[in-house]
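Enquirer: Terminal number for the sequence shown in my numbering: 1830, no gaps in between. Provided herewith is a single structure, encoded as structure tokens, for subsequent inquiry.
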Amino acid sequence: MSALKLGCIADDFTGATDLANNLVRAGMRVVQTIGVPDAPLAAEVDAVVVALKSRTIAPAEAIEQSLNALQWLQAQGATQIYFKYCSTFDSTPEGNIGPVTEALMDALGTDFTIATPAFPDNGRTVFKGYLFAGPVLLHESGMQNHPLTPMTDSNLVRVMQAQTRRKVGLIDHTTVSQGPPAIEARIQALRAEGVGVAVVDATSNADLHRLGPALQDLPLVTAGSGVAIGLPANFGLSPSAQASQLPPAKGLQAVVSGSCSVATNAQVAHFIASGRPARSIDPTSLMQGQTASVVQQVLAWAAPHLKEGPVLVYSTAEPASVKQVQDQLGVAQAGALVEHALAEVARGLVALGVQQLVVAGGETSGACVQALSLLQLQIGPQIDPGVPWCYAPTASGGVHIALKSGNFGSEDFFTKAFKVMA
Ligand code: ADP
């Protein structure tokens, strides 16, 4: 479809939604796809975000998936490519940010791109090439202990250089603060020095808006979701209510929560305290093939309540209780068992007529989207930073769905979400 402007490749699912949300807020109509579609784009939009799960897989596999996404986006007419990674630059010494960047540059035949995870709205800032998470350097933020991608060096020039054969340079804050012409001049100078990837400083949204125009002619941009706020203007787009317009919401309302994060625990408690119907699922009740009968009981409980407003089904629990379950079942087994049960609950709720569904938890969201066979999400209005309503056409008339990653959202998120949609 010729209207497509920006083609995005995200290395994880909720990160893709975060990027899509920023693009919509800056004026683009956006669809997020789950993996690389095997059919052409159905809707007319300004940007597509292809959500991969390539952050921690083997570099060769991440490259292959990313190149497949690139090919599909090019076939849809994308004129600029955006490779989106985490705002804490989650990666290992092997990648996958460096190797995927390099592969995309090769495929696009370009000698230069930028790299910056800066997202000031979420406290991620880059200064003199060092990444800060809130008030502290990345390697003091807790990210040094991440189980899969421990980040022990906050200097992104060094981190990126360890992952790529291309020379890595820096566009520092002094340059960025002078505006687009200075940034463009610096890009030319770095190119002349043989630099292929430049880390860019940004400590505020104003910096990102200064950076945007200087990126207009780059075939490839690599970044967290922050840089997205400055790109739609390059295509003549500005913030508009139209960009986030979804079909009117209808049907019954429900929340499914499998996140055990601090924020989600508070949201579940708030929903229960508001007097609305809520039902918990105890993970140990799912053992020995009991999932189907537990799901049936939950759905039988939900059916009469749904007519009176949103219901909540949750496995959300405090850390001590989660640990107890994990000790009993194993971490992976407990996670998979609960995700499967909640996904089946989501499917059952939709079969009961739910067409407005909030899901809490990154992995839980992935499981629910898969169980519901949703392939493309149109991105709508923001409920809270990083969490928009989405709409997915289905055989039974379409579903509005909000996918909330663990620590996002205000305490009243589960009731506020439906008010935003109304
Ligand atoms: P978040 O976005 O907060 O990290 P996720 O859905 O990504 O949430 O991850 C939560 C994980 O914890 C999932 O794998 C889920 O199945 C699992 N889980 C949910 N509730 C429980 C529980 N009560 N005990 C043990 N594990 C749980």
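Every residue gets a Cβ at the ideal spot worked out from N, C-alpha and C, and that includes glycine. Remember, it's a predicted structure, so these values are computed and weren't measured experimentally.
By DSSP, does residue 1403 sit in helix, in strand, or in coil?
Expert: Residue 1403 is absent from the structure shown; the chain starts at 1409 and stops at 1830.
Enquirer: Put residue 1549 into one of helix, strand or coil per three-state DSSP.
Expert: Residue 1549 falls in the coil class under three-state DSSP.
Enquirer: Report the rounded CA-to-CA distance for residue 1706 versus residue 1727, giving the unit in angstroms.
Expert: Distance between the alpha carbons of residue 1706 and residue 1727: 24 Å.
Enquirer: Compare the beta carbon distance of residue 1661 and residue 1821 with 8 Å and say whether it is the shorter of the two.
Expert: The answer is no: Cβ separation not under 8 Å.
Enquirer: Could you pull the start and end residues of the beta strand (DSSP E) that residue 1665 belongs to?
Expert: Its beta strand (DSSP E) spans residues 1660-1665.
Enquirer: Between which two residues does the alpha helix (DSSP H) harbouring residue 1832 extend?
Expert: Outside the modelled stretch of the chain, which goes from 1409 to 1830, sits residue 1832, for which no answer is possible.
Enquirer: Quick one: is residue 1409 buried, meaning 16 or more other Cβ sit within 10 Å of its Cβ, or exposed?
Expert: Reliability of the predicted coordinates at residue 1409 is poor, the pLDDT of 43 falling under 50, and the value obtained from them is presented with this limitation in mind. Burial call: exposed.
Enquirer: To the nearest angstrom, how far is the alpha carbon of residue 1478 from that of residue 1718?
Expert: Computed Cα separation, rounded: 40 Å.
Enquirer: On a CA-only basis, which of 1586, 1456, 1792 is nearest residue 1485? Give me that one, please.
Expert: For the residues 1586, 1456, 1792, the minimum Cα distance to residue 1485 belongs to 1456.
Enquirer: Nearest by alpha-carbon distance to residue 1633: which of 1503, 1652, 1530, 1473 is it?
Expert: Measuring from the Cα of residue 1633, the nearest candidate turns out to be 1530.
Enquirer: Would residue 1646 be called buried (16 or more neighbouring beta carbons within 10 Å of its own) or exposed?
Expert: So residue 1646 ends up on the exposed side.
Enquirer: Tell me where the alpha helix (DSSP H) around residue 1684 begins and ends.
Expert: Looking at the DSSP string, residue 1684 is not in any alpha helix (DSSP H), and its letter there is neither H nor E.
Enquirer: With burial defined as no fewer than 16 other Cβ atoms inside 10 Å of the residue's Cβ, what is the status of residue 1812: buried or exposed?
Expert: Buried, since its Cβ has 16 or more Cβ neighbours within 10 Å.
Enquirer: Would you grab the beta carbon distance between residue 1584 and residue 1497 for me? Rounded to a whole angstrom, and I think it's under 8 Å.
Expert: Contact flag wrong, Cβ pair sits at about 18 Å.
Enquirer: According to DSSP, simplified to helix, strand and coil, what is residue 1812?
Expert: Strand.
Enquirer: Touch check for the segment 1768-1782 and the segment 1621-1632: three-plus C-beta pairs under 8 Å?
Expert: Segments in contact, no.
Enquirer: Of all the options 1617, 1618, 1411, which has the alpha carbon lying nearest to the alpha carbon of residue 1488?
Expert: Ranking 1617, 1618, 1411 by Cα distance to residue 1488 puts 1411 first.
Enquirer: Please tell me whether residue 1521 and residue 1605 are closer than 8 Å, where the distance is taken between their beta carbons.
Expert: It is a contact, given that the beta carbons lie within the stated cut-off.
Enquirer: With DSSP collapsed to three states, give me the class of residue 1558.
Expert: Looking at residue 1558 - three-state DSSP - the assignment turns out to be coil, as it is neither helix nor strand.
Enquirer: Which first and last residues belong to the alpha helix (DSSP H) in which residue 1649 is found?
Expert: Segment: none, residue 1649 is in no alpha helix (DSSP H) and carries neither H nor E.
Enquirer: Between the alpha carbons of residue 1413 and residue 1543, how many angstroms are there, rounded?
Expert: So the two alpha carbons sit approximately 36 Å from each other.
Enquirer: Quick check: what's the CA-CA separation for residue 1667 versus residue 1690?
Expert: Using only the alpha carbons, I get a separation of about 14 Å.
Enquirer: Can you pull the DSSP bridge partners for residue 1532?
Expert: In DSSP, residue 1532 forms a bridge with 1527, 1541.
Enquirer: Pull the bridge partners of residue 1480 from the DSSP assignment, please.
Expert: BP columns for residue 1480 are empty, so no partner.
Enquirer: Spatial neighbours of residue 1818 within its chain, please: C-beta separation below 7 Å, excluding the five flanking residues on both sides.
Expert: So the list reads 1792, 1824, once near-sequence residues are dropped.
Enquirer: Between which two residues does the alpha helix (DSSP H) holding residue 1635 run?
Expert: Element bounds for residue 1635: n/a, residue is neither H nor E.
Enquirer: Between residue 1716 and residue 1427, what straight-line distance do the alpha-carbon atoms span, to the nearest angstrom?
Expert: The alpha-carbon atoms of residue 1716 and residue 1427 are separated by roughly 34 Å.
Enquirer: How about the segment 1503-1520 and the segment 1426-1446: do they share at least three Cβ pairs that are nearer than 8 Å?
Expert: Flag = no, the segment 1503-1520 and the segment 1426-1446 do not touch.
Enquirer: Looking at the unbroken beta strand (DSSP E) that takes in residue 1792, where does it start and where does it end?
Expert: It spans 1784-1792 - the beta strand (DSSP E) in which residue 1792 sits, taken as one unbroken run.
Enquirer: Identify, in the order they occur along the chain, each residue of the same chain with its Cβ nearer than 6 Å to the Cβ of residue 1722, setting aside the five sequence neighbours on each side.
Expert: Taken in chain order, the residues that qualify are 1665, 1676, 1688.
Enquirer: May I ask you to list the residues that DSSP assigns as paired with residue 1441?
Expert: 1458, 1784, per the DSSP bridge assignment.
Enquirer: Decide yes or no for the touch test of the segment 1563-1583 against the segment 1603-1621: beta carbon pairs closer than 8 Å, at least 3 of them.
Expert: Because the criterion of three Cβ pairs below 8 Å is met, the segment 1563-1583 and the segment 1603-1621 touch.
Enquirer: Starting from residue 1577 and walking both ways along the beta strand (DSSP E), at which residues does that stretch end?
Expert: Where residue 1577 is concerned, the enclosing beta strand (DSSP E) stretches over 1575-1579.
Enquirer: Which residues does DSSP pair with residue 1415 in a beta bridge?
Expert: In the DSSP output, where bridge partners are listed per residue, residue 1415 has 1456, 1489.
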